[in-house]
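Visitor: I have a structure here, written as structure tokens, and I will follow up with some questions on it.
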Amino acid sequence: MKVFLTGGTGFIGGEVARRLRERGDDVVALVRTPAAATSLRDLGCALVAGSLSSPDAIRSGLEGADAAIHGAAVYEVGIPAKRRPAMYEANVTGTRTVLSAALDAGTTKVVYVSSVVAFGDTKGAVVDEGHEHPGRFTSYYDETKHLAHREARRQIAAGLPCVVAQPGAVYGPHDHSVIGDVVRKVARGRLPAVAFPEFGVTAVHRDDVADGILRALDAGRPGESYVLGGDITTLGDIVSCAARVAGRRAPRLTVPVSFVRAVAPLGPLVGPLLGYPPNMRELVSTSDGVTFWASDAKARAELGYTTRHLEDGLRDTLRAEGLLRA
């Protein structure tokens with residue numbers, strides 16, 4: 006099978022590309038700078054130079070493809086207002102461009118990689134694929150992923166044979182998200198206090214998500230969404246688990262939310278010094294009392310999707326990064 010892939014140089018997409026090639030599929034990857042995409046070239050992927058704002062490059066990549074996986078997106082929380090247009094262009098406009106091009110090309114199977122965040126704050130509930138966003142956005146990333154998810158539904162209504170995959174909070178080797186940074190600090194004994202320990206996430210290992218995306222490609226029903234979840238947990242529990250796996254003492258202190266709120270106006274100056282993003286107000290709004298919890302029961306029942314437990318996943322992650330103590 007020939008698969009057109011966006012996001013192949015990313016954290017999840019790179020593993021998807023590796024698995025596609027491992028099973029014998031031909032992969033055509035959209036990349037901004039082919040010269041820098043050595044990992045994809047080494048896998049034997051064909052490279053098309055372009056971005057999500059390059060319709061001609063996308064159409065070229067889709068030519069002759071049996072399927073497409075659209076996984077490219079900008080993931081970041083706490084960005085300043087001046088960077089919002091670029092996030093919208095990538096997450097919303099880019100999704101519209103890729104999926105509409107796939108519809109025009111007559112691509113017979115498409116997987117769009119959305120997110121559990123597209124459900125919004127679940128307010129302590131564990132939701133499923135039928136959940137509707139409450140309309141209050143906790144971050145601009147939340148807003149753009151919700152709008153992109155709606156765009157995918159519009160393309161499906163127009164006839165696109167698309168399956169929507171919704172990963173939870175993805176972690177794994179060389180994850181540079183906030184959770185990845187926290188896990189590494191714990192393993193190195195360099196996290197003195199935990200901020201937002203009650204922040205609720207659906208934690209899932211990167212390799213399990215990649216497997217789920219391929220299962221959605223092979224067995225997902227067009228028009229359906231599938232949560233690719235794992236452990237319904239909190240940031241505090243992730244920290245405790247990472248400490249236990251790494252043989253470290255878990256931090257005993259909690260950063261008061263009142264402190265984060267107090268210094269938020271100075272975010273561009275103090276945020277980087279504290280290991281926070283510059284827009285600390287958004288960090289608070291997307292973390293304090295917020296949960297992004299969703300059930301993956303449908304994916305398990307229909308796709309045969311499975312995941313490793315959080316402790317095993319963190320052990321695999323820290324081992325791969327050389328952070329397990331002897």
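Residue numbers for the sequence shown follow the numbering used here, beginning at 6 and rising by one. Just so it is clear, CB atoms sit at the ideal spot from N, CA and C, and this is done for glycine as well.
#1: Going by alpha carbons, who is nearest to residue 66 out of 33, 56, 42 and 81?
#2: To the nearest angstrom, report how far apart residue 194 and residue 249 are at their CA atoms.
#3: For residue 113, does the count of other Cβ atoms within 10 angstroms reach 16, so buried, or fall short, so exposed?
#4: Mapping DSSP to helix, strand and coil, what is residue 84?
#5: Could you work out which residue in 171, 311, 192 and 231 is closest to residue 256 when comparing CA atoms only?
#6: Which class does residue 303 belong to by DSSP, given the choice of helix, strand or coil?
#7: Quick one: measure Cβ to Cβ for residue 20 and residue 215, integer angstroms, because I've assumed they're closer than 8 Å.
#8: Determine which residues share a DSSP beta bridge with residue 238 and list them.
#9: Helix, strand or coil: which one does DSSP assign to residue 39?
#10: Whether or not the stretch 263-273 and the stretch 87-95 are in contact is what I'm after, with contact meaning three or more pairs of Cβ atoms, one per stretch, closer than 8 Å; do they touch?
#11: Between the C-alpha atoms of residue 60 and residue 17, what's the straight-line distance to the nearest angstrom?
#12: What residues in its chain sit with their C-beta under 7 Å from that of residue 147, if we drop five residues either side in the sequence?
#13: Can you grab the Cα-Cα spacing for the pair residue 177 / residue 321, in whole Å?
#14: Taking the alpha carbon of residue 300 as the reference point, which residue from 271, 165, 232 and 310 has its own alpha carbon closest?
#15: In whole angstroms, what separates the C-alpha of residue 79 from that of residue 159?
#16: Going by C-alpha to C-alpha distance, which of 127, 200 and 118 sits closest to residue 167?
#17: Please report the straight-line C-alpha distance between residue 230 and residue 306, rounded to a whole angstrom.
#18: Taking Cβ positions, are residue 40 and residue 57 nearer each other than 7 Å?
#19: State the beta-bridge partners of residue 138 as determined by DSSP.
#20: Starting from the C-beta of residue 253, find all residues in its chain whose C-beta is less than 7 Å away, skip the five residues before and the five after it, and write them out in chain order.
#21: Could you give the DSSP three-state label for residue 117: helix, strand or coil?
#22: Whole angstroms is fine: what's the gap from residue 73's alpha carbon to residue 51's?
#23: Per DSSP, which residues does residue 171 bridge with? Please list them.
#24: Which of the three DSSP states is assigned to residue 248 in this structure?
#25: Rounded to a whole number of angstroms, what is the C-alpha to C-alpha distance between residue 238 and residue 207?
#26: Tell me residue 17's beta-bridge partners as DSSP assigns them.
#27: For residue 46 and residue 11, what's the separation of their Cα atoms in angstroms?
#28: Specify, as a first and last residue, the run of the beta strand (DSSP E) that residue 260 falls within.
#29: CB-CB under 7 Å to residue 70, same chain, minus the five flanking residues each way: which ones, in chain order?
#30: Give me the Cα-Cα distance between residue 4 and residue 325, rounded to the nearest whole angstrom.
#31: Reducing DSSP to helix, strand and coil, say where residue 296 ends up.
#32: If we ignore side chains and look at the alpha-carbon of each, how far apart do residue 23 and residue 84 end up?
#33: First and last residue of the beta strand (DSSP E) that includes residue 51?
Guide: Quick look at the numbers:
#1: That would be 33, whose Cα lies nearest to the Cα of residue 66.
#2: Note on geometry: alpha-carbon atoms of residue 194 and residue 249 lie some 12 Å from one another.
#3: Classification for residue 113: exposed.
#4: Here residue 84 sits in coil by DSSP.
#5: Comparing alpha carbon positions, the residue from 171, 311, 192 and 231 closest to residue 256 is 192.
#6: It is helical.
#7: About 4 Å separates the two Cβ atoms, so the contact holds.
#8: Beta-bridge partners of residue 238 (DSSP): 206.
#9: Of the three classes helix, strand and coil, the one that applies to residue 39 here is helix, per DSSP.
#10: In this structure the stretch 87-95 does not touch the stretch 263-273; the number of beta carbon pairs closer than 8 Å is below three.
#11: If you draw a straight line from the Cα of residue 60 to the Cα of residue 17, it comes to about 23 Å.
#12: Around residue 147: 122, 125 and 291.
#13: For residue 177 and residue 321, the distance between alpha carbons rounds to 8 Å.
#14: Of 271, 165, 232 and 310, the residue nearest in Cα terms is 232.
#15: The alpha-carbon atoms of residue 79 and residue 159 are separated by roughly 21 Å.
#16: Residue 167 has its Cα closest to that of 118, out of 127, 200 and 118.
#17: Distance between the alpha carbons of residue 230 and residue 306 is about 13 Å.
#18: No, Cβ-Cβ distance for residue 40 and residue 57 is not below 7 Å.
#19: Residue pairing for residue 138: DSSP places it in no beta bridge.
#20: Excluding residues within five positions, the ones whose Cβ falls inside 7 Å are 191, 192 and 194.
#21: Reduced to three states, the DSSP call for residue 117 is strand.
#22: One C-alpha to the other measures close to 14 Å.
#23: Per DSSP, 232.
#24: Helix, per DSSP.
#25: Rounded to the nearest angstrom, the two C-alpha atoms are 6 Å apart.
#26: Looking at the DSSP assignment, residue 17 forms no beta bridge with any residue, so it has no partner.
#27: The C-alpha of residue 46 lies about 14 Å from the C-alpha of residue 11.
#28: 258-260 is the span of the beta strand (DSSP E), which, as asked, contains residue 260.
#29: Contacts found: 7, 8, 9, 33 and 112.
#30: Because the chain is modelled from 6 through 331, residue 4 falls outside the range shown and cannot be assessed.
#31: Strand at residue 296.
#32: Cα-Cα distance, rounded: 31 Å.
#33: Residues 51-54.
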